[in-house]
Amino acid sequence: MFAELIGGVMSLNVEQKAATRREFVRNFELVGVTPAQVAADLGVNEPRIEDVMNLRNVRHLEDAWVLRRYLMAKAAQQGVELVAFTALRGKPEDYWFLDADRVNAMMLD
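Going by this note's numbering, the sequence shown opens with residue 147, and the numbers climb by one from there.
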C-alpha cells in the first residue's frame, strides 16, 4: 500500500497523494504552525514548504519525509498526537531508497 518504486522514482497513487496533502494540512493545524514558520525553522522559503505539503516540484524523495519528521518533532514537544500518515509510515531507515540521514537532519533545499 505504501508506494510503488518505478524506475528508481517513488510514486504515490492518486488516493495516497490526496490523503497525504490532507494529513499535512491537518497536522500543521494540530501543532499550530504555518508554512511561513516551518520555512523559517528549516531555512527555506515559504513556497518551498507549500510545494512539499502539496507534493509539487519534488526535488528529493525525502522532502515529504523531512516535513513529516519536523511535524513529529513539534508534536512530541507539545504533547500533541498527529493524524497518522497513510503513505508516509514507518521509519525512513526501513526504505532502502530513502536517505535517512537527510530526513533525520531535516534537510530541505
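For every residue, glycine included, the Cβ atom is placed at its ideal position computed from N, Cα and C.
What residue does the alpha helix (DSSP H) around residue i start on, and which one ends it?
i, result
"Ala256", "Here the chain comprises residues numbered 147 to 255, so residue 256 is not present and cannot be evaluated."
"Ala230", "First-last for Ala230: undefined, no H or E at that position."
"Lys163", "160-177"
"Met253", "Looking at the DSSP string, Met253 is not in any alpha helix (DSSP H), and its letter there is neither H nor E."
"Pro118", "Lying before the first or after the last residue shown, residue 118 is absent from the chain, which here runs from 147 to 255."
"Val198", "192-199"
Quick one: Cα of residue i to Cα of residue j, how far?
i, j, result
"Ala230", "Arg205", "24 angstroms"
"Ala233", "Asn250", "18 angstroms"
"Phe148", "Ala186", "At Phe148, the pLDDT of 40 sits below 50, so the modelled position is not reliable; the number obtained from the coordinates is stated separately. Each residue's Cα considered, the two are about 30 angstroms apart."
"Asp240", "Leu207", "14 angstroms"
"Glu161", "Phe243", "22 angstroms"
"Asp245", "Lys163", "21 angstroms"
"Pro193", "Met252", "17 angstroms"
"Asn159", "Asp209", "17 angstroms"
"Gly154", "Gln183", "Caution applies to Gly154, whose pLDDT of 35 falls short of 50 and renders its modelled position unreliable; the value that the coordinates give is listed next. The straight-line gap from Cα to Cα measures roughly 33 angstroms."
"Leu151", "Arg248", "Residue confidence for Leu151 is low, a pLDDT of 42 falling below 50, so the modelled location carries little weight; the figure read from the coordinates is stated next. Answer to the nearest angstrom: the Cα atoms are 19 angstroms apart."
Could you give the C-beta distance for residue i and residue j, rounded to a whole number, given that I count them as a contact under 8 angstroms?
i, j, result
"Leu213", "Val198", "5 angstroms"
Below 8 angstroms between beta carbons: does that hold for residue i and residue j?
i, j, result
"Val190", "Leu254", "yes"
"Leu201", "Arg168", "no"
"Pro181", "Trp211", "no"
**Request:** Decide if the segment 201-217 is in contact with the segment 168-188; the criterion is three or more beta carbon pairs, one per stretch, under 8 angstroms apart.
**Result:** yes
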